[in-house]
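Numbers in the numbering used here are just positions in the sequence shown, counted from 1, shifted up by 64.
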Amino acid sequence: MKVVVIGGGPGGIQATRTIKMHNPDIDVTVIRPEPYSVIYCALPYVIENLVEREKIRKSDELVTGVGAKLIKDKATKVDFDTKTIHTEKSGNFNYDKLIIATGANPFVPPIPGHDLCNIATVKTENDLENILKYLESGAKKAVVVGAGNIGIEMAVAMKERGLETYLIEMQNRVLPNLLDKDFSKYPEEDIREKGINLLLNTKVEALEGQKYVEKVILSTGETINLGEHDLVIFAVGVKANVEIFKDTNLNIDNSGIVVDAHMRTNIEDVYAVGDVASFISFIDKKPIGGKLATNAVPMGKIAAYNILGRNYKYQGFINGAITKAIKWRMGGTGFTEEVAKQRGFEIVSAVGETTTRFPIIPGAKKVYVKLIADKKTKKIIGGQVVAGEGVPGRIDTISLAIQNKNTVYDLFNFSYCAQPFQTFFPANNAITMAAEKLMNYFEKNA
65 MKVVVIGGGP GGIQATRTIK MHNPDIDVTV IRPEPYSVIY CALPYVIENL
115 VEREKIRKSD ELVTGVGAKL IKDKATKVDF DTKTIHTEKS GNFNYDKLII
165 ATGANPFVPP IPGHDLCNIA TVKTENDLEN ILKYLESGAK KAVVVGAGNI
215 GIEMAVAMKE RGLETYLIEM QNRVLPNLLD KDFSKYPEED IREKGINLLL
265 NTKVEALEGQ KYVEKVILST GETINLGEHD LVIFAVGVKA NVEIFKDTNL
315 NIDNSGIVVD AHMRTNIEDV YAVGDVASFI SFIDKKPIGG KLATNAVPMG
365 KIAAYNILGR NYKYQGFING AITKAIKWRM GGTGFTEEVA KQRGFEIVSA
415 VGETTTRFPI IPGAKKVYVK LIADKKTKKI IGGQVVAGEG VPGRIDTISL
465 AIQNKNTVYD LFNFSYCAQP FQTFFPANNA ITMAAEKLMN YFEKNA
């Protein structure tokens with residue numbers, strides 16, 4: 065059997081490794097356009113001088129070390145009838161099974177001036193090169209558009225590099241896909257205390273200039289003036305990289321290539337995984353965005369195992385995600401209150417507050433946890449955490465509760481550990497405290 069993987073990101077790499085580790089006799093070829101596969105969520109830390117550039121490059125041995133072939137070239141066309149992939153320089157490749165893992169490209173809104181030269185996005189090593197070029201040539205100002213995970217991290221990196229920094233967000237809070245307003249206030253306070261100019265409820269209407277952006281025109285009527293070496297960085301999301309499939313019969317919607325639970329597309333023997341794929345929410349089984357490496361990896365595994373003959377299914381996106389500002393770390397999973405209401409849920413939420421260590425131990429930091437429950441079923445459908453540290457474990461716990469379809473009663477009763485230097489005081493588990501508040505709400509309103 066010949067398997068070809070187009071794309072060398074998390075989903076493509078994981079699919080390749082899974083197939084080869086379970087059946088070394090299968091011929092697997094990975095076609096990747098970039099010279100290096102990079103850990104792109106670490107790009108801000110290279111810019112901030114926290115991580116050396118070379119360390120964000122993934123080793124090609126992740127692919128070649130398991131016996132797969134790696135072709136560093138761009139796929140230009142796929143003929144699904146003849147099962148042939150055409151490339152720019154390396155000829156054609158035939159397949160028995162195809163895994164599309166082409167990822168997603170940063171989105172730059174088509175506003176006036178969007179094609180001026182000192183504009184950057186944050187996804188590839190070329191993007192990193194572009195940003196570093198301006199920083200090294202004497203940039204003094206940076207305007208970051210979009211206050212999601214990457215936008216915040218880039219704004220912090222720019223400020224750490226000594227630039228006058230603006231962070232612009234069209235919604236009424238930072239991290240609008242991760243946190244509700246009551247929790248976004250913590251990173252917002254962090255960002256402002258750092259000296260970053262945070263502008264909420266603000267759109268970039270236009271970029272003006274001859275060759276480079278000289279003026280950023282805002283919806284509030286304000287203007288930000290920039291010099292030749294200053295930067296405008298767009299971090300407003302990504303779009304599935306489906307360009308070479310647009311004139312084919314592949315089923316593509318606004319989120320990407322539509323797949324079923326086996327990661328199969330509408331074309332026989334063709335799978336899609338990761339950011340290029342369009343799938344559903346685990347919670348309500350309706351389409352939802354899920355462009356995260358932590359979704360791409362299991363999707364890659366599911367596609368691989370189905371090619372290996374196992375009937376495995378992916379159950380849907382829960383979308384647990386985390387990020388950091390300065391002193392605060394933040395995370396969210398499932399639905400925010402806003403999204404839950406938009407999707408037709410009647411919800412109730414509660415907050416628990418604790419510390420990362422016993423309060424008597426030096427270095428104890430605050431922890432805030434919000435649980436969001438469906439009023440009808442009492443099941444947990446979302447959660448948010450803001451803390452000085454210890455966010456990932458709590459987000460993963462809430463994600464597992466969502467995946468197990470746990471109710472507020474289950475989380476109130478769940479078993480946990482405690483130790484003075486490592487956890488909260490035994491009576492102060494913020495997750496069970498929030499669950500208890502929800503439980504009492506349901507008892508009073510039965």
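Even glycine gets a Cβ: it sits at the ideal position worked out from N, Cα and C. In this text the structure is predicted, and so the values were computed from the model without any measurement.
In the DSSP assignment, find the unbroken beta strand (DSSP E) run with G380 in it and report its ends. Annotation for G380: no beta strand (DSSP E) segment contains it, and DSSP assigns it neither H nor E.
Looking at C-alpha atoms only, which residue of S413, P362, G452 is the closest neighbour of K434? Of the candidates S413, P362, G452, the residue whose Cα lies closest to the Cα of K434 is S413.
Could you spell out where the alpha helix (DSSP H) holding M218 opens and where it closes? Going by DSSP, M218 is part of the alpha helix (DSSP H) stretching over 213-224.
For Y432: DSSP bridge partner residues: In DSSP, Y432 forms a bridge with E417, V450.
For the 8 Å Cβ check, are there 3 or more pairs between the stretch 192-200 and the stretch 106-118? Three or more Cβ pairs drawn from the stretch 192-200 and the stretch 106-118 lie within less than 8 Å of each other, which places the two stretches in contact.
Excluding the 5 residues flanking I316 on each side, which residues of the same chain have their C-beta closer than 6 Å to its C-beta? For I316, same chain residues with a beta-carbon under 6 Å away, outside a window of 5 residues either side, are V306 in chain order.
Pick from K350, G301, N318: whose alpha carbon is nearest that of A325? Closest by alpha carbon: K350.
Provide the residue(s) that pair with I95 in DSSP beta bridges, ordered along the chain. For I95, DSSP records a beta bridge to I70, I135.
DSSP beta-bridge partners of S345: Under the DSSP definition of a beta bridge, S345 partners with F381.
Under the assumption that T188 contacts E98 (Cβ atoms under 8 Å), give the Cβ distance between them as a whole number of angstroms. Contact between T188 and E98 holds: CB atoms are separated by about 7 Å, below the 8 Å threshold.
Between which two residues does the alpha helix (DSSP H) carrying M234 extend? M234: not part of any alpha helix (DSSP H); DSSP gives it neither H nor E.
Which residues in the same chain as L372 place their Cβ atom closer than 7 Å to its Cβ, once the five residues preceding and following it in sequence are excluded? So the list reads I83, H86, N87, once near-sequence residues are dropped.
Measure the C-alpha to C-alpha separation of L264 and E152 and round it to an integer number of angstroms. Taking C-alpha positions only, L264 is separated from E152 by approximately 44 Å.
For E278, does the three-state DSSP call read helix, strand or coil? When DSSP states are grouped into helix, strand and coil, E278 belongs to the coil group.
Where does D438 sit, in a helix, a strand or coil, going by DSSP? It is a strand residue.
Buried or exposed for K405, please, with buried defined as at least 16 other CB atoms from any protein chain shown within 10 angstroms of its CB. K405 is exposed by the Cβ-count criterion.
Can you tell me whether R237 is buried or exposed, with buried defined as 16 or more other CB within 10 angstroms of its CB? Under this definition R237 is a buried residue.
Could you tell me the boundaries of the alpha helix (DSSP H) in which G301 lies? The continuous stretches of alpha helix (DSSP H) do not include G301, and DSSP gives it neither H nor E.
Only counting the same chain, and skipping five residues up and downstream in sequence, which positions put a Cβ closer than 8 Å to that of G177? Cβ contact annotation for G177 (same chain, cutoff 8 Å, sequence separation greater than five): A270, L271, E272, G273, V277, in chain order.
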